[in-house]
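Number 348 marks the last residue of the sequence shown (full-length UniProt numbering); no jumps. For every residue, glycine included, the Cβ atom is placed at its ideal position computed from N, Cα and C. In this text the structure is predicted, and so the values were computed from the model without any measurement.
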Amino acid sequence: MMKKKIGILGASGYTGADAVRLLARHPNAEITALTANTHAGKAMSEVFPHFFMLHLPKLVEWEKVDWTRLDAVFCGLPHGTTQEIIAAVLKTNPGIKILDMSADFRLRDKDSYAQWYGHEHRALELQDEAVYGLTELYREKVTAARLVACPGCYPTAVLLALVPLAKAKLIDVDDIIIDAKSGVTGAGRGLKQNTLFSEAGEGLSPYSIGSHRHSAEIEQEIGAAAGSAVTVNFTPHLIPMARGEFCTSYVRLNGATPDDLRAELERAYANEPFVYVTKKGVLPQTQNVRGSNYVQIGVVADRIKNRAIVLSTLDNLVKGSAGQAIQNMNLMFGLPETTGLEQIALFP
Numbered sequence: 001m002m003k004k005k006i007g008i009l010g011a012s013g014y015t016g017a018d019a020v021r022l023l024a025r026h027p028n029a030e031i032t033a034l035t036a037n038t039h040a041g042k043a044m045s046e047v048f049p050h051f052f053m054l055h056l057p058k059l060v061e062w063e064k065v066d067w068t069r070l071d072a073v074f075c076g077l078p079h080g081t082t083q084e085i086i087a088a089v090l091k092t093n094p095g096i097k098i099l100d101m102s103a104d105f106r107l108r109d110k111d112s113y114a115q116w117y118g119h120e121h122r123a124l125e126l127q128d129e130a131v132y133g134l135t136e137l138y139r140e141k142v143t144a145a146r147l148v149a150c151p152g153c154y155p156t157a158v159l160l161a162l163v164p165l166a167k168a169k170l171i172d173v174d175d176i177i178i179d180a181k182s183g184v185t186g187a188g189r190g191l192k193q194n195t196l197f198s199e200a201g202e203g204l205s206p207y208s209i210g211s212h213r214h215s216a217e218i219e220q221e222i223g224a225a226a227g228s229a230v231t232v233n234f235t236p237h238l239i240p241m242a243r244g245e246f247c248t249s250y251v252r253l254n255g256a257t258p259d260d261l262r263a264e265l266e267r268a269y270a271n272e273p274f275v276y277v278t279k280k281g282v283l284p285q286t287q288n289v290r291g292s293n294y295v296q297i298g299v300v301a302d303r304i305k306n307r308a309i310v311l312s313t314l315d316n317l318v319k320g321s322a323g324q325a326i327q328n329m330n331l332m333f334g335l336p337e338t339t340g341l342e343q344i345a346l347f348p
């Protein structure tokens, strides 16, 4: 197969950079366009020095890219700016494959989008065709899609842990508490006071309590699995490490045992290349998945009767973003799903 020509919108952000890192060694991909309006004219290695050994195209404004020459584009732009740009790209090249790593096409309900993101959706005709790109849940739809809305990092970790349990009705979906922690790359690369080393280091900070936008994705997908509207208790925290994510979900059992939950997860992911359920007594850890596209899920019995604790961890920039996008790209082009994504975690 000839190499697919790939463009990356927003290549100067962390998710864009990790897409470059992974695609640079993908045997079926050739990076031919990189955009970053604020860094236009620079070499990628000026913005991210760890790419010093790669021969990459210079960063340009997105308007200057010839989209007709590309097979796929990864979008790492902030929410709100993505919709109109993707609409323009698709108008220029209707056959291009879009892997959107922003939040702009994840929510199926337009009113829900407006509620959580503060403005009306600006590309409703595309929102209707977008496929939610949690690969393990929507593999067949992703394979046939033109536009894939890759999930947020928190929803990926939470949904992989809880959707099979909700679908099997082993847990009470009206009583879910999620304690989530993410490395500071989840806050983006922009200069913010709360991510300065002297303020984020040696500390742990909650944020967006009761109002984090990823709640909408989690509720949308658990609700779809359960067949009813769902509201979850979701609290994210910023933890002083560059990358990584850990979600601890507290659930009430529906006549099941913690061993039943583990068995159902093992059944659901028995043939999945990137999702691993730990054995009883073995706990997931962020260091086990750092830099990789793998997910670890574990189940522990709670001391409180009829409750269990479900643990899930991933790298927020890989399976939580760029890696999952590449996993979806592989499906869209008929490639083996694991192509370019079998890196072992970087440890220690």
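{"Asked": "First and last residue of the uninterrupted beta strand (DSSP E) at residue 182", "Found": "171–182"}
{"Asked": "Spatially closest choice to residue 72 from 47, 99, 57 and 51, by CA coordinates", "Found": "99"}
{"Asked": "Distance between residue 272 and residue 20 (C-alpha atoms, nearest Å)", "Found": "25 Å"}
{"Asked": "Rounded straight-line distance, which links the Cα of residue 223 to that of residue 3", "Found": "39 Å"}
{"Asked": "Residue 155 - DSSP class collapsed to helix/strand/coil", "Found": "helix"}
{"Asked": "Residue 169 versus residue 319: straight-line alpha-carbon distance, rounded", "Found": "26 Å"}
{"Asked": "Short Cβ contact (8 Å threshold) for residue 284 with residue 261", "Found": "no"}
{"Asked": "DSSP-derived helix/strand/coil call for residue 207", "Found": "coil"}
{"Asked": "Cβ pair residue 268, residue 348 closer than 8 Å", "Found": "no"}
{"Asked": "Residue 236 - containing beta strand (DSSP E), residue span", "Found": "233–238"}
{"Asked": "In DSSP terms, what residue 100 is bridged to", "Found": "75 and 149"}
{"Asked": "Inter-residue CB distance, residue 306 and residue 265 (contact presumed, cutoff 8 Å)", "Found": "Residue 306 to residue 265, Cβ: 18 Å. No contact."}
{"Asked": "Environment of residue 309 [buried if 16+ CB atoms lie within 10 Å]", "Found": "buried"}
{"Asked": "Counted within 10 angstroms of its Cβ, other Cβ atoms place residue 212 as buried (16 or more) or exposed", "Found": "buried"}
{"Asked": "Beta-carbon separation (whole angstroms), residue 180 vs residue 236, contact threshold 8 Å", "Found": "5 Å"}
{"Asked": "Continuous beta strand (DSSP E) stretch holding residue 120: start and end", "Found": "That residue, residue 120, is in no beta strand (DSSP E); it is neither H nor E in DSSP."}
{"Asked": "Residues near residue 74 in its chain [Cβ-Cβ closer than 6 Å; skip 5 each side]", "Found": "8, 19, 99 and 325"}
{"Asked": "Residue 4 in three-state terms, based on DSSP", "Found": "strand"}
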